[in-house]
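Worksheet: one structure, shown below.
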Amino acid sequence: MGFLDEAITDLKSQGLFRSLRETESVQGPEIVLDGRKVLNFCSNDYLGLAGDPRLAEAAAEAARRYGAGSGAARLISGNNVLNDAFEAAVADLKGTPSVLLFNSGYHANIGAIPALAGEVDVIFSDELNHASLIDGCRLSKARTEVYRHNDLNQLEDLLRNFPPTPSLLRKGLGGGLIVTEAVFSMEGDVCPLDDLLELAQKYGALVYLDEAHAVGVFGRDGEGLAPKNPPENLICMGTLGKAFGSYGAFVAGSASLRDYLINKARSFIFTTALPPPVTAASLAAVKIAAAEPERRKKLWDNIQSLGGNPSPIFSLPIGGAEKTMEVSRRLLELGLFVQGIRPPTVPEGTSRLRLTLSAAHTGEQIATLREALKFVHRS
Ligand code: PMP
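Heads up: the sequence shown begins at -16 in the working numbering, then just goes up one per residue.
Here you go:
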């Protein structure tokens, strides 16, 4: 099939070809990558929980008790008791009446958004939203108005120009769906949530907040950027694969939101439930993250020591895709794994290094990073 090779050659000539690297160690600040020990500055394991033996033990115990697979979708025979225990724990963390567990953040976004908004609705979407949010908007078939990153003036203009739509009104959801990330995954900046909620309130809109990079990291107990007991017009989605060191995702809100999504979110209905060991690890992680606030403190101390940043995600702009990947390669030669990010993940001409810190990084490791970045910049 020649067209595949042509497309691959094309990608390579633009510096956009991606390939897989192999790890063979527990996740942590040091990993074995393609057979070599390196310092890891690109995982989303913000609290250092992915390799925590307590998560592994919780998973092992669940595997012994319930087996490795769930056997079917949750609506069929796959709804293991651990799912309900997990949802209760997260509802407590978020201060919401209900929570629904999804298989991943991707599943949550492509399921919940089309369930909430349909063809005759309007979605207002930040231009830097994650691919899974974009795909959720596309699948909904709603008219999607993209606003400049965090630009609430433009968002207000759009809200004014697109009055409440029939189906959302019928559902009682108000004047449209605003979709945004809490912490932007490739920029590391934060959405102005209070002002956004005020605006949503003024125009009767609903906010769908993706807290993938915020849960575990923000809040007294790791509840995220949204306050506990969030207002009625705020739906929070969070993932388990990042700060919580496991896999899966949740959508938190009212009891009727949960019932509604169980019935309407296709990526919930038509997929096999998460394996019990995964849910057990997630449940353990949510409890540990709340019980050990020193992890969050250490993470924020580390962030501060690298120069202050609104989140653990540091974005170092380079520009061209090839140059970015070359800098990333040079850092890897020095023993530091810092991922280069290029289109289509970020817009053309804005390729960058995305580096992330974890509570598990030591001061010495961060000092090594600082020196390596200086060296790479100079050369
Ligand atoms: N939303 C955002 C903002 C993300 O960064 C990601 C993961 N890259 C996801 C959703 C998808 O989450 P998951 O990895 O659990 O599918």
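Ideal Cβ positions, reconstructed from N, Cα and C, are used throughout, including at glycine.
On a CA-only basis, which of the options is nearest residue i? Give me that one, please.
i	options	result
S168	A41, S115, R131	S115
N112	A226, D172, Y49, N285	D172
F107	N136, T79, A343	N136
L319	K281, E206, P80, I14	I14
T307	S87, F0, F(-14)	F0
G159	L138, E170, V166, D177	L138
N434	P327, T339, D242, G54	This structure does not reach residue 434, given that the chain is present from -16 up to 362, and the question cannot be answered.
H132	F85, I161, E5	I161
D204	L30, I296, M220	L30
L336	H344, R325, A343	R325
P175	K357, A209, F253, A188	A209
S239	F69, S81, E7	S81
E275	V21, D35, E(-11), D(-12)	D35
N63	D118, A256, S311, D28	A256
P330	L356, D140, G303, L314	G303
S341	K225, D(-12), A248, P214	K225
G187	G52, C219, P146, G346	P146
T333	L315, P300, I349	P300
L3	R48, D17, F85	D17
L356	F297, K(-5), E170, R143	F297
G130	A272, L179, N292	For the sequence presented, residue 130 should be read as Tyr rather than Gly. Comparing Cα positions, the closest option is L179.
A197	L223, A350, P214	L223
G199	E70, F253, E102, D28	D28
L189	W283, P213, R19, E347	P213
Counting only the same chain and skipping the five closest in sequence on each side, list residues whose C-beta sits under 6 Å from that of residue i.
i	result
A46	P260
L152	Legend: pLDDT at L152 = 48, less than 50; position of this residue unreliable, no value from coordinates given.
A264	L38, A41, A42, S229
S87	A232
I218	Y191, G236
H344	P12, N285
L122	I93, P97
Provide the residue span of the beta strand (DSSP E) that contains residue i, from first to last.
i	result
G119	G119 -> not in any beta strand (DSSP E); alpha helix (DSSP H) instead, spanning 114 to 123.
N27	Per DSSP, N27 belongs to no beta strand (DSSP E) and is neither H nor E.
E164	160 to 164
L217	217 to 222
Closer than 7 Å, CB to CB, is residue i near chain B or not?
i	result
N63	The structure shown has no chain B; it contains just one protein chain.
For residue i, which residues from the same chain have a beta carbon less than 8 Å from its beta carbon, with the 5 sequence-adjacent residues on both sides left out?
i	result
L244	L83, G94, A95, A98, V234, F251
A33	V9, Q10, G11, S26, G228, S229
L44	Note on identity: in this sequence residue 44 is Glu, with Leu being the wrong assignment. Taken in chain order, the residues that qualify are A263.
R353	L289
A74	P80, S81, V82, A235
E128	V105, I106, F107, S108, L141, F145
What residues in its chain sit with their C-beta under 7 Å from that of residue i, if we drop five residues either side in the sequence?
i	result
A369	It is not possible to answer for residue 369, since the shown part of the chain is limited to -16 through 362.
L65	A45, P259, T262, A263, L266
Tell me residue i's beta-bridge partners as DSSP assigns them.
i	result
T6	L16
Q322	R337
S298	R337
S229	In DSSP, S229 forms no bridge with anything.
A56	T255
L22	E13, L319
A235	V82, C219
V173	V166
Locate the alpha helix (DSSP H) running through residue i, then write down its first and last residues.
i	result
F251	249 to 252
T307	304 to 316
E128	Unbroken run through E128 is the beta strand (DSSP E), 126 to 130; no alpha helix (DSSP H).
S288	276 to 288
D(-12)	-15 to -4
D109	No alpha helix (DSSP H) holds D109; the beta strand (DSSP E) holding it covers 105 to 109.
L(-1)	Note, L(-1): premise wrong, no alpha helix (DSSP H); not H, not E.
L141	135 to 144
What I want to know is whether the C-beta of residue i ends up closer than 6 Å to one or more non-hydrogen atoms of the ligand NAP.
i	result
S26	The ligand NAP is not part of this structure, which contains only the ligand PMP.
### Query
Hey, which unbroken runs of the beta strand (DSSP E) at 3 residues or more fall wholly within the stretch 59 to 102?
If only uninterrupted beta strand (DSSP E) runs of at least 3 residues are considered, those enclosed by the stretch 59 to 102 are 81 to 85.
### Message
What ranges does the beta strand (DSSP E) occupy inside the stretch 177 to 215, keeping only unbroken runs of at least 3 residues that lie completely in it?
### Response
Within the stretch 177 to 215, the complete beta strand (DSSP E) segments at least 3 residues long are 189 to 193, listed from N- to C-terminus.
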